[in-house]
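Student: Got a structure for you, questions after.
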Amino acid sequence: MRVCLAQIKPFLGDTAKNLKLHEEYIEKAVAEKCDVIVFPELSLTGYYLLDYVSDVAMKTDDRMIKKIVALSKDISIVFGFVFEGEDNLFYNVSAYAEKGRLVHLHKKVYLPDYTMFEEARYFAAGKEFSVFETAIGRCGILICEDALHTSSIYILSRMGVQTVFIPSNSPARGVVGDGLEAASIWQTSNKYTASLLTVNLVYVNRVGVEDGVAFWGGSEAYSALGSRKARLPQFEETMGIVELEQEDIRLARIHSPFYRDEKSHILLDYLKGD
Amino acid sequence: MKLDLKLTKQILTTFVKEETEKIGLKSVVLGLSGGIDSALSAAIAVEALGRGRVFGVGLPYKLSSRESMADAELVADALGINLEIADITPFAEPFIESEKDMSKLRIGNVLARMRMVTIFDRSAKHGGIVLGTSNKTELLLGYGTWYGDLASAINPIGDLYKTQVWELSEYLGIPDKVIKKQPTADLWPDQTDEGELGFTYKDVDRLLYEMVDNRRRKPELLKMGFDEDFVQKISERIMRYQFKRKIPVIAKVSQRTIGRDFRYSRDWGY
Numbered sequence: 001m002r003v004c005l006a007q008i009k010p011f012l013g014d015t016a017k018n019l020k021l022h023e024e025y026i027e028k029a030v031a032e033k034c035d036v037i038v039f040p041e042l043s044l045t046g047y048y049l050l051d052y053v054s055d056v057a058m059k060t061d062d063r064m065i066k067k068i069v070a071l072s073k074d075i076s077i078v079f080g081f082v083f084e085g086e087d088n089l090f091y092n093v094s095a096y097a098e099k100g101r102l103v104h105l106h107k108k109v110y111l112p113d114y115t116m117f118e119e120a121r122y123f124a125a126g127k128e129f130s131v132f133e134t135a136i137g138r139c140g141i142l143i144c145e146d147a148l149h150t151s152s153i154y155i156l157s158r159m160g161v162q163t164v165f166i167p168s169n170s171p172a173r174g175v176v177g178d179g180l181e182a183a184s185i186w187q188t189s190n191k192y193t194a195s196l197l198t199v200n201l202v203y204v205n206r207v208g209v210e211d212g213v214a215f216w217g218g219s220e221a222y223s224a225l226g227s228r229k230a231r232l233p234q235f236e237e238t239m240g241i242v243e244l245e246q247e248d249i250r251l252a253r254i255h256s257p258f259y260r261d262e263k264s265h266i267l268l269d270y271l272k273g274d
Numbered sequence: 001m002k003l004d005l006k007l008t009k010q011i012l013t014t015f016v017k018e019e020t021e022k023i024g025l026k027s028v029v030l031g032l033s034g035g036i037d038s039a040l041s042a043a044i045a046v047e048a049l050g051r052g053r054v055f056g057v058g059l060p061y062k063l064s065s066r067e068s069m070a071d072a073e074l075v076a077d078a079l080g081i082n083l084e085i086a087d088i089t090p091f092a093e094p095f096i097e098s099e100k101d102m103s104k105l106r107i108g109n110v111l112a113r114m115r116m117v118t119i120f121d122r123s124a125k126h127g128g129i130v131l132g133t134s135n136k137t138e139l140l141l142g143y144g145t146w147y148g149d150l151a152s153a154i155n156p157i158g159d160l161y162k163t164q165v166w167e168l169s170e171y172l173g174i175p176d177k178v179i180k181k182q183p184t185a186d187l188w189p190d191q192t193d194e195g196e197l198g199f200t201y202k203d204v205d206r207l208l209y210e211m212v213d214n215r216r217r218k219p220e221l222l223k224m225g226f227d228e229d230f231v232q233k234i235s236e237r238i239m240r241y242q243f244k245r246k247i248p249v250i251a252k253v254s255q256r257t258i259g260r261d262f263r264y265s266r267d268w269g270y
């Protein structure tokens, strides 16, 4: 499968401009004959929305969402927005649209609420991780912080996920020492997740600056064999295309049958307190 | 505390470029004092926008040292940026003389605020954003004039300690003379920052880095060898000058009060 990593720079709270940005990138990815295009977390709205969350929130029948979903007749699309649920709660979500249909909506479960983050103040948390069937196999979405918790990757793995998408809004921080601390954590985690779960993994992080905070980009993809197949430059609005093979999942599971040998009852017994 | 210099430069230039251009402006305006902080800020702006879009303003007062302005010119020449000299004496002097026996501190504050009036005026003239030049050490110690040199629209070096300012300045090729000279606000003759503060930047930065960035508490700091009085004095200073780092306190009456529960990013809509 041919995946387009759309490392965009959304405008803060300007959904109309961001929709246009999506359309441009989708058009380019279609021209490049990609099967799927992945946008960063909250790609339709930008990140530091604060009180603006409820104003830019959309339901799935919103004109903009319908428009992107309609564009998915030519290419599968992973994109992010603020979702207003039936319960009138607001969620940080990433959607998977395919063949003109909204296939899956993942609500971010782990809302960071420490140091520079205050997502839990503005968003309601999703309650579950799940997989969904697509033309490119069984997929799962983890939004940024979700992917840094072992519960999420464990559950997706046991559900038989084959490709994991991680849309992200990771800010540049920690320039003391060599390299960017935030980038180092993500690169380690992405490689680990792809290798240990033996799944293909696509991480797309945004770029741009909001209120002095720069998002570092550096989007990347790993094969199920744990090898890095792509890494986009840092701090630059750009797109990259990567080929990921289903066959790599098979090969990885022959070489490293961690997925086969996992014994979930050990975890279950532990959680039960036995 | 050692920076990854290449990355730091990349983050700071991205910051200046985007925060300037996203609001529709093309250039930046900043006061060039002849010191290292303004030199570094200007150098970052040049990397971000190109030299033609950086406007430096030299703001001497009649008692300023001649060396300061000579160094400002040195920096402007080295970076190839526009430099305008705006002597603040003709309007600062009547103000200072209108009150008898103004203290050194008051005069210093008046000068810093006169300079800021001038810089903001030039920003309107050039259609440029005002670039702040206060570093993290000064901000934490409250060592600056509120609505004077602490005022700005965007600040590229406010998260760098003075020690890191020196380090990054070398990397960006700031003239050696400016890097090596004694830091001074030049508010009165022979003033030096370290003389006035009573400790060196190197010492206080080591302590601030452990206190602020690494969140070390007092017992740990003492174990690390920091002097108890010094730790106490700096802790109190950080607390005492918190007001300079915040918007004014607004009395809460309504459901939603600006800054407290009316909360939007400044870049809202950009």
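Going down the list, the sequences are from chains A and B.
Counting with UniProt numbering, you get residues 1 to 274 for the letters of the first sequence.
Counting with UniProt numbering, you get residues 1 to 270 for the letters of the second sequence.
In this text, a Cβ means the ideal position worked out from N, Cα and C, and glycines have one as well.
1. In terms of DSSP beta bridges, what is A/SER54 paired with?
2. Could you tell me the alpha carbon to alpha carbon distance between residue 279 of chain B and B/LEU3, rounded to whole angstroms?
3. By DSSP, does A/ILE254 sit in helix, in strand, or in coil?
4. Quick one: residues in its chain with C-beta nearer than 8 Å to the C-beta of A/ASP113, no 5 flanking neighbours on either side, listed in chain order?
5. Residue 297 of chain B versus chain A: which residues are under 7 Å apart at the beta carbon?
6. With a cut-off of 8 Å on the beta carbons, I'd call A/ILE68 and A/VAL30 a contact; round off their distance for me.
7. Using alpha carbons as the reference points, say which of B/ILE11, B/LYS180, B/ASN109 lies closest to B/LEU150.
8. Please state the DSSP three-state secondary structure of B/PRO94.
9. Does the beta carbon of A/VAL176 come closer than 9 Å to any beta carbon on chain B?
10. Compare the C-beta of B/ARG263 with all C-beta atoms of chain A and state if any pair is closer than 9 Å.
11. Comparing alpha-carbon positions, which option in B/ALA86, B/GLY127, B/ASP37 lies nearest B/PRO156?
12. Comparing alpha-carbon positions, which option in A/HIS106, A/PHE129, A/VAL78, A/PHE79 lies nearest A/TYR91?
13. Under 9 Å, Cβ to Cβ, is there at least one residue of chain A near B/GLN255?
14. Given a cut-off of 9 Å, decide if A/LEU102 and A/ILE143 are closer than it, judged by their beta-carbon atoms.
15. Can you pull the chain A neighbours of B/MET1, defined as C-beta to C-beta under 7 Å?
16. If you draw a straight line from the C-alpha of residue 273 of chain B to the C-alpha of B/GLY144, how long is it?
17. Using the C-alpha atoms, what's the distance from A/THR150 back to A/LYS272?
18. Who are the Cβ neighbours of A/LYS85 in its own chain at under 7 Å, not counting the five residues just before and after it?
19. Closest to A/ALA95 by CA distance: which of A/LEU89, A/ASN88, A/ASP87, A/PHE81 is it?
20. Measure the alpha-carbon distance for A/PRO257 versus A/GLY177 and round it to whole angstroms.
21. Which residues mark the beginning and the end of the alpha helix (DSSP H) in which B/GLY56 is found?
22. Which of the three DSSP states is assigned to B/TRP146 in this structure?
23. With H, G and I counted as helix, E and B as strand and the rest as coil, what does DSSP make of B/VAL231?
24. Can you check whether the CB of A/ALA147 is closer than 9 Å to the CB of A/TYR222?
25. Anyone know if the C-beta pair for A/LYS33 and A/SER72 falls short of 9 Å?
26. Going by C-alpha to C-alpha distance, which of A/ARG2, A/GLY160, A/GLU145, A/THR198 sits closest to A/ALA182?
27. What whole-angstrom Cβ distance do B/LEU172 and B/ALA43 have, given they're in contact under 8 Å?
28. Within its chain, find whatever has a CB closer than 7 Å to the CB of A/GLY174; leave out the 5 residues flanking it on each side and keep chain order.
29. Does the contact criterion of 3 or more C-beta pairs under 8 Å hold for the segment 230 to 238 of chain A versus the segment 195 to 215 of chain A?
30. Straight-line CA distance for B/ARG263 to B/LYS252?
31. So what does DSSP say about A/MET159, is it helix, strand or coil?
32. In chain B, what lies closer than 7 Å to A/PHE235 by C-beta?
33. Within this structure, are the beta carbons of A/VAL242 and A/LEU5 separated by less than 9 Å?
34. Exposed or buried, what is B/VAL212 when buried is set at 16 or more other beta-carbons lying within 10 Å of its beta-carbon?
35. Anything in chain B within Cβ reach of A/LEU180, meaning under 8 Å, just list it in chain order.
36. Identify the contact partners of B/GLU19 in chain A, using a Cβ-Cβ distance below 9 Å as the criterion.
Tutor: Taking the geometry as given:
1. Residue numbering aside, residue 54 of chain A sits at position 54 when the first sequence is read from its first letter. BP columns for A/SER54 are empty, so no partner.
2. Outside the shown range of chain B (1 to 270) lies residue 279 of chain B, about which nothing can therefore be said.
3. Sequence index remark: in the first sequence, residue 254 of chain A carries index 254 (1-based). Under the three-state reduction of DSSP, A/ILE254 is assigned to helix.
4. Counted from its first residue, the first sequence places residue 113 of chain A at position 113. The answer, listed in chain order, is GLU119, ALA120, ARG121.
5. Outside the modelled stretch of chain B, which goes from 1 to 270, sits residue 297 of chain B, for which no answer is possible.
6. Sequence index remark: in the first sequence, residue 68 of chain A carries index 68 (1-based). Sequence index remark: in the first sequence, residue 30 of chain A carries index 30 (1-based). That belief does not hold up - the Cβ atoms of A/ILE68 and A/VAL30 are roughly 13 Å apart, past 8 Å.
7. Counted from its first residue, the second sequence places residue 150 of chain B at position 150. Closest option to B/LEU150, Cα to Cα, is B/ASN109.
8. As a position in the second sequence, residue 94 of chain B is number 94, starting the count at 1. B/PRO94: helix per DSSP, three-state reduction.
9. Start at 1 with the first residue of the first sequence, and residue 176 of chain A comes out as number 176. Between A/VAL176 and chain B, the shortest Cβ-Cβ separation is below 9 Å.
10. Position 263 of the second sequence, counted from the start, is the residue given in the question as residue 263 of chain B. Yes, B/ARG263 counts as interfacial toward chain A.
11. The residue given as residue 156 of chain B occupies position 156 in the second sequence. When only C-alpha atoms are compared, the closest one is B/ASP37.
12. Along the first sequence, one-based indexing puts residue 91 of chain A at 91. Sorting A/HIS106, A/PHE129, A/VAL78, A/PHE79 by C-alpha distance to the C-alpha of A/TYR91 places A/HIS106 at the top.
13. By one-based count along the second sequence, residue 255 of chain B stands at place 255. It does not: the Cβ of B/GLN255 has no partner Cβ on chain A nearer than 9 Å.
14. To locate residue 143 of chain A, count along the first sequence from 1; it is residue 143. To locate residue 102 of chain A, count along the first sequence from 1; it is residue 102. With respect to A/LEU102, A/ILE143 sits apart: the two C-beta atoms are not nearer than 9 Å.
15. Here residue 1 of chain B refers to the residue found at position 1 of the second sequence. Ordered by position in chain A, the residues that pass the 7 Å Cβ test against B/MET1 are VAL176.
16. This structure gives no information on residue 273 of chain B, because the portion of chain B shown stretches from 1 to 270.
17. The residue given as residue 272 of chain A occupies position 272 in the first sequence. The residue given as residue 150 of chain A occupies position 150 in the first sequence. When rounded, the distance between both Cα atoms is 18 Å.
18. Position 85 of the first sequence, counted from the first residue, corresponds to residue 85 of chain A. Note on residue identity: the sequence assigns Gly, not Lys, to residue 85 of chain A. Counting only Cβ-Cβ distances below 7 Å, and skipping sequence neighbours, we find TYR91.
19. In the first sequence, the residue the question calls residue 95 of chain A occupies position 95. Nearest option by C-alpha distance: A/PHE81.
20. As a position in the first sequence, residue 257 of chain A is number 257, starting the count at 1. As a position in the first sequence, residue 177 of chain A is number 177, starting the count at 1. Whole-angstrom Cα-Cα distance: 37 Å.
21. What you label residue 56 of chain B is simply residue 56 of the second sequence in a count that begins at 1. Here B/GLY56 belongs to no alpha helix (DSSP H); instead the beta strand (DSSP E) covers 54 to 58.
22. Residue numbering aside, residue 146 of chain B sits at position 146 when the second sequence is read from its first letter. In the structure shown, B/TRP146 sits in coil (DSSP, three-state: anything other than H, G, I, E or B).
23. For this step, residue 231 of chain B is matched to residue 231 along the second sequence. Here DSSP, grouped into helix, strand and coil, assigns B/VAL231 to helix.
24. The sequence position of residue 222 of chain A within the first sequence is 222, counting from 1. The sequence position of residue 147 of chain A within the first sequence is 147, counting from 1. In this structure, the beta-carbon distance from A/TYR222 to A/ALA147 does not fall below 9 Å.
25. Numbered from 1 along the first sequence, position 33 holds the residue referred to as residue 33 of chain A. Numbered from 1 along the first sequence, position 72 holds the residue referred to as residue 72 of chain A. Not closer than 9 Å, so no.
26. Translated into the one-based positions of the first sequence, residue 182 of chain A becomes position 182. For the residues A/ARG2, A/GLY160, A/GLU145, A/THR198, the minimum Cα distance to A/ALA182 belongs to A/GLU145.
27. Taking the second sequence and counting its residues from 1, the one referred to as residue 172 of chain B is at position 172. Taking the second sequence and counting its residues from 1, the one referred to as residue 43 of chain B is at position 43. Approximately 4 Å separates the beta-carbon atoms of B/LEU172 and B/ALA43; this is inside 8 Å, confirming the contact.
28. Along the first sequence, one-based indexing puts residue 174 of chain A at 174. Excluding residues within five positions, the ones whose Cβ falls inside 7 Å are LEU180, GLU181, ALA182.
29. Two segments are said to touch when three or more pairs of C-beta atoms, one from each, lie closer than 8 Å; by this definition the segment 230 to 238 of chain A touches the segment 195 to 215 of chain A.
30. Counted from its first residue, the second sequence places residue 263 of chain B at position 263. Counted from its first residue, the second sequence places residue 252 of chain B at position 252. CA-to-CA, the gap between B/ARG263 and B/LYS252 works out to about 14 Å.
31. The residue given as residue 159 of chain A occupies position 159 in the first sequence. Three-state DSSP puts A/MET159 in coil, outside helix and strand.
32. Numbered from 1 along the first sequence, position 235 holds the residue referred to as residue 235 of chain A. Neighbours of A/PHE235 across chain B, judged by C-beta separation under 7 Å: GLN10, THR14.
33. Along the first sequence, one-based indexing puts residue 242 of chain A at 242. Along the first sequence, one-based indexing puts residue 5 of chain A at 5. Between A/VAL242 and A/LEU5, the CB-CB gap stays under 9 Å.
34. As a working note, residue 212 of chain B is residue 212 in the second sequence. So B/VAL212 counts as exposed.
35. Position 180 of the first sequence, counted from the start, is the residue given in the question as residue 180 of chain A. Here the neighbours are ASP4, LEU7.
36. Here residue 19 of chain B refers to the residue found at position 19 when the second sequence is read from its first residue. Simply VAL209, ASP211, GLY212.
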